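S.K.: A single structure is presented below for examination.
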Amino acid sequence: MTASADPRWTTVLERTHDAVLAFARAEWPPLARKAIHQLQRMTATGLYGDYYRHKTLWDEYCHEVQNGPAPLLDGAWDSTVDGILASILDAVPEHVAVLLTIDAIVDCDPREQSSLAGLVFQDELIRVLRKELQIMAHERSMAKFEPENS
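Taken in order, the sequence shown gives residues 14 to 163; the numbers are from this note's numbering.
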């Protein structure tokens, strides 16, 4: 009997895959918080005028996620945020990035998954990390930036 036909081996692979996904899903929030930290260190651009009194780029990004998208700003936001996310992911050790990629491609076609297994797929990593960042931006209360609360 070959390893692939052995049901015990299938169980081991399934459990290993589940463990990889659990590991990766625990890694996304801390990586997104690194992006938040970088955005908080950047002064607001004033894109939304003085009305909202944003102080940092993180404030403006949260505004955009919650009230946008503003089509004229999409390219600028993508360029800025994706650059930050790429630099964060570049600092992730390759063995961790490989595991993150397994989570990032979990919804892909199984043939594509098998061809990418063991590799780092940066575009998919950025996509998943951007989604995590957007979730955090959407959940943030922006009430303190409203003029009646300033």
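Note that beta-carbon positions come from the ideal geometry of N, C-alpha and C, so glycine has one too.
All of these numbers come straight from a predicted model, not from anything done at the bench.
With a floor of 3 residues, list each beta strand (DSSP E) that falls wholly inside the segment 29–95, ordered by position along the chain.
M.R.: The qualifying runs do not exist here; there are none.
S.K.: May I have the straight-line CA-CA distance separating Val141 from Leu98, to the nearest angstrom?
M.R.: Rounded to whole angstroms, Val141 to Leu98 spans 10 Å at the Cα level.
S.K.: Which residues in the same chain as Arg38 place their Cβ atom closer than 8 Å to its Cβ, once the five residues preceding and following it in sequence are excluded?
M.R.: Excluding residues within five positions, the ones whose Cβ falls inside 8 Å are Asp116.
S.K.: When we look at the beta-carbon of Leu26 and count the other beta-carbons within 10 Å, is it buried (16 or more) or exposed?
M.R.: Its Cβ having fewer than 16 others within 10 Å, Leu26 is exposed.
S.K.: For Thr23, collect the residues of the same chain with a Cβ closer than 6 Å to its Cβ; drop the 5 residues on either side in sequence, then sort them by chain order.
M.R.: If we look at Thr23 and ignore the five residues flanking it on each side, it has no Cβ neighbours.
S.K.: Consult DSSP for Ser127 and reduce its assignment to one of helix, strand or coil.
M.R.: Reduced to three states, the DSSP call for Ser127 is helix.
S.K.: Among the residues of its own chain, which have a CB less than 8 Å from the CB of Val109, if the five just before and after it don't count?
M.R.: Closer than 8 Å at Cβ, skipping near neighbours: Glu40.
S.K.: Taking the alpha helix (DSSP H) that Val141 belongs to, which residues open and close that run?
M.R.: Looking at the DSSP string, the run of the alpha helix (DSSP H) that includes Val141 is Gln135 to Glu152.
S.K.: So for Thr119, helix, strand or coil by DSSP?
M.R.: The sequence shown places Val at residue 119, not Thr. Here Val119 sits in coil by DSSP.
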